[in-house]
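To keep things clear, I will list the structure first and then write my remarks on it.
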Amino acid sequence: MECIVDKDMERRNMNEELRSAIRANDNAKAIEIIATGKVCPEQADDNRTTILMLACVFSLSDVALALIATGESHPEQVDNDGNTALMFACKTGLSEVAMTLVIQRCIDSGEILECLDDVWKVIIELDKQR
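Sequential numbering from 20 applies to the sequence shown in this note's numbering.
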């Protein structure tokens, strides 16, 4: 289902509430908002930053995983600075989120064996962040 926040004030407000909860590091509130099903996780802001990227920047692993689980978080989105959610997850040491993103991409592409190289790259990048 495509989510259009511009035409739906409730979804726009829920997205803003979710972004605010993430910026406040309020993990419980953010999870509660996601659970309503009334957010548009794929919606990017003016910097092309998705809510998933924001959760990774603020190191909210549970929130990022909940967003990924919606199937609507668009992890392939690239922001204005060339970053993706995977890059932010690696930079902030969110290993479970990073691996989930890579594995999900492998499953979605159907090229699981070909993705093993990506898995190793993520492991190496995460190791650098320690």
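Don't be surprised by glycine CBs; every beta carbon is placed ideally from N, CA and C.
DSSP three-state label for residue i, please.
| i | result |
| --- | --- |
| residue 124 | helix |
| residue 77 | coil |
| residue 97 | coil |
| residue 142 | helix |
| residue 59 | coil |
| residue 54 | helix |
Can you check whether the CB of residue j is closer than 8 Å to the CB of residue i?
| i | j | result |
| --- | --- | --- |
| residue 120 | residue 94 | yes |
| residue 84 | residue 58 | no |
| residue 145 | residue 104 | no |
| residue 66 | residue 99 | yes |
| residue 50 | residue 82 | yes |
Using alpha carbons as the reference points, say which of the options lies closest to residue i.
| i | options | result |
| --- | --- | --- |
| residue 64 | 135, 117 and 39 | 39 |
| residue 101 | 69, 91 and 129 | 69 |
Open item on the list: Three Cβ pairs or more, each shorter than 8 Å: is that satisfied between the segment 34-46 and the segment 76-92?
Closed with: yes
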